[in-house]
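Numbering (our numbering), first residue to last: 30 to 203.
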């Protein structure tokens with residue numbers, strides 16, 4: 030069981046100018062965060078927090094694989110992920126998102142929960158199209174898809190040749 034408490038960074042309690050945190054993500058992490066898109070994977074995340082006078086710089090480096098469904102054959106596939114993301118955090122009166130790169134942390138708490146941020150960075154690193162390498166898709170499903178694709182195209186060709194309205198229009202064109 031993964032506890033998401035380990036992903037909470039106490040920004041007020043940071044003693045050094047630069048702090049490096051490491052996380053290993055597996056199925057327990059994805060289950061604990063109740064991830065909608067990615068349910069499985071093995072990833073390593075390195076978070077570097079640099080303390081400045083008025084803000085914090087956070088650099089996330091994520092590397093590993095996630096398991097997604099192939100769009101063609103519907104089998105599971107491993108998709109390698111390498112992502113470098115940058116974020117700024119600053120203290121304010123309440124927790125707000127001020128855009129893509131700035132997060133405001135409640136000044137009274139001083140704690141930034143990075144669990145969901147890491148998941149969002151992983152989701153953004155996944156390409157829209159999930160397809161196995163050529164020749165790696167499920168052979169039975171690929172055969173079934175090609176049969177249905179061929180049947181659909183032959184039906185369209187037959188419909189084109191039979192329709193007398195189009196033949197009459199073609200005669201007028203000539």
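We treat Cβ as the ideally placed atom computed from N, Cα and C, and that holds for glycine.
Legend entry - Pair within 8 Å by beta-carbon distance, residue 102 and residue 171: yes
Legend entry - Complete runs of the alpha helix (DSSP H) confined to the segment 95-162 [at least 4 residues]: 144-154
Legend entry - Proximity below 8 Å, CB of residue 118 to CB of residue 141: yes
Inset, instruction - Can you give me the start and stop residues for the alpha helix (DSSP H) that residue 76 sits inside? - result: That residue, residue 76, is in no alpha helix (DSSP H); its beta strand (DSSP E) goes 69-80.
Legend entry - Reference residue 82; option with closest CA among 163, 45 and 66: 45
Inset, instruction - Quick one: using the 10 Å Cβ neighbour count with 16 as the cut-off for buried, is residue 70 buried or exposed? - result: buried
Legend entry - Element boundaries [beta strand (DSSP E), containing residue 202]: Here residue 202 belongs to no beta strand (DSSP E); instead the alpha helix (DSSP H) covers 193-202.
Inset, instruction - Please confirm whether residue 112 and residue 151 have their CB atoms less than 8 Å apart. - result: yes
Legend entry - Three-state secondary structure (DSSP) of residue 40: coil
Legend entry - Start-to-end residues for the alpha helix (DSSP H) that takes in residue 84: Where residue 84 is concerned, there is no enclosing alpha helix (DSSP H), given that its DSSP letter is neither H nor E.
Inset, instruction - Write down the C-beta distance between residue 108 and residue 177 rounded to the nearest angstrom, noting that I regard them as a contact closer than 8 Å. - result: Between residue 177 and residue 108 the Cβ distance is about 26 Å, and since that is not below 8 Å, they are no contact.
Legend entry - Three-state class that DSSP yields for residue 48 in the structure shown: strand
Legend entry - N-terminal and C-terminal residue of the alpha helix (DSSP H) that residue 34 is part of: Looking at the DSSP string, residue 34 is not in any alpha helix (DSSP H), and its letter there is neither H nor E.
Inset, instruction - Could you check which residue in 120, 95, 89 and 65 has the C-alpha nearest to that of residue 50? - result: 89
Legend entry - Buried or exposed by the 16-neighbour rule on C-beta atoms within 10 Å, applied to residue 57: exposed
Legend entry - Exposed unless 16 or more other CB atoms sit within 10 angstroms - verdict on residue 87: buried
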